[in-house]
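Asks: Could you have a look at this structure, given as structure tokens, before my questions?
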Amino acid sequence: MKDLSGAETSVRRSCARIAISTRTPTGRSLLTLALLRTETMGKSELWMLSEGREPEPFRPSTAQISSPQFSPNGRWLAYHSTETGLREVYVVLYPGPGPSTRISRAGGYAPAWARNGRELFFRNGQNVREMMSVDISYEPTLGAGTPRRLFQGPMLNGARARYYDVTADGERFLVVERASDNVRRTVTEIHVVVNWFEELERLVPTDH
79 MKDLSGAETS
89 VRRSCARIAI
99 STRTPTGRSL
109 LTLALLRTET
119 MGKSELWMLS
129 EGREPEPFRP
139 STAQISSPQF
149 SPNGRWLAYH
159 STETGLREVY
169 VVLYPGPGPS
179 TRISRAGGYA
189 PAWARNGREL
199 FFRNGQNVRE
209 MMSVDISYEP
219 TLGAGTPRRL
229 FQGPMLNGAR
239 ARYYDVTADG
249 ERFLVVERAS
259 DNVRRTVTEI
269 HVVVNWFEEL
279 ERLVPTDH
């Protein structure tokens, strides 16, 4: 793949697939999710790609690690890992050093930050239909409140994809729903809306 300057660089030759997962708010560093092939098929690891530096593994582990997400200020990284045997959500200081703090209590994955950095959303590891939320504090050290359930719905499930996003105010969610078991849907066309902002102003005029 290309580094941030446009030059070709190799992240890992034994990868079956590489995907850009998250980037720092400055855009100067990327975390890539590398899916390994052959004898370690199914294992994933994170590699850091920073401007002017060689790619390097981020928090090497024998456990499965996925779904990294930088906090809005770029100082913290949320991810999920199977180091306890279950998928659990963790937060760690970036770029470190420092220990990781477990956020979920009984399984969790696919974290996403609220824009204020003081709330973390994730999917319930025991019931993939449930969306969870937990308050995050930073003084005197990183801390997490008790996870609480926000809602439940037929969300599509996947180990390495979040399949949801949250609005800037943290009040609404956009989710990819799982198709009903008795309905087989075939995508035959895709609609692309252009100049949507102009149409929005026409439909919902504002006073300037």
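Count along the sequence shown starting at 1, add 78, and that's the number in this note's numbering. Ideal Cβ placement from N, Cα and C applies to all residues, glycine included.
1. DSSP on glutamate 277, reduced to helix/strand/coil?
2. Runs of 3 residues minimum, wholly inside the segment 163–195: which ones carry the beta strand (DSSP E) assignment?
3. Hey, out of Ala190, Thr179, Leu171, whose CA is closest to arginine 240's CA?
4. Which runs of the beta strand (DSSP E), 3 residues or longer, sit entirely within the segment 201–264?
5. Given this structure, state the Cα-to-Cα distance separating leucine 252 from alanine 156, to the nearest angstrom.
6. Could you spell out the range, first to last residue, of the beta strand (DSSP E) harbouring glutamine 147?
7. Is histidine 269 helix, strand or coil by DSSP?
8. Thinking C-beta only, is valine 244 closer than 9 Å to alanine 188?
9. Would DSSP call proline 135 helix, strand or coil?
10. Report the residue from Asn202, Gly195, Glu277 whose alpha carbon sits nearest the alpha carbon of leucine 234.
11. Would glutamine 230 and asparagine 205 be called neighbours here (beta carbons separated by less than 9 Å)?
12. Measure from the alpha carbon of proline 135 to the alpha carbon of each residue in Trp125, Thr102, Ala141, then state which is nearest.
13. Does the Cβ-Cβ distance between glycine 198 and serine 178 come in under 9 Å?
14. May I ask you to report which of helix, strand or coil DSSP gives glutamate 197?
15. Please report how far the alpha carbon of arginine 180 lies from the alpha carbon of tryptophan 154, in whole angstroms.
Replies: Reading off the structure:
1. Correct three-state label for glutamate 277: helix.
2. Whole beta strand (DSSP E) segments, 3+ residues: 166–171, 186–191.
3. Looking only at Ala190, Thr179, Leu171, the smallest Cα-Cα distance to arginine 240 is reached by Ala190.
4. Along the segment 201–264, the beta strand (DSSP E) occurs as fully enclosed runs of 3 or more residues at 208–215, 226–230, 242–244, 251–253, listed in sequence order.
5. Distance between the alpha carbons of leucine 252 and alanine 156 is about 20 Å.
6. Its beta strand (DSSP E) spans residues 143–148.
7. Histidine 269 falls in the coil class under three-state DSSP.
8. A distance of 9 Å or more separates the beta carbons of alanine 188 and valine 244.
9. If DSSP states are grouped into helix, strand and coil, proline 135 belongs with the strands.
10. Closest option to leucine 234, judged by alpha-carbon separation, among Asn202, Gly195, Glu277: Asn202.
11. Note that the C-beta distance between glutamine 230 and asparagine 205 is below 9 Å.
12. Of Trp125, Thr102, Ala141, the residue nearest in Cα terms is Trp125.
13. Just to set this straight, residue 198 is leucine in the shown sequence, not glycine. Taking 9 Å as the Cβ cut-off, leucine 198 and serine 178 do not qualify as a contacting pair.
14. Correct three-state label for glutamate 197: strand.
15. Rounded to whole angstroms, the gap between the alpha carbons of arginine 180 and tryptophan 154 is 13 Å.
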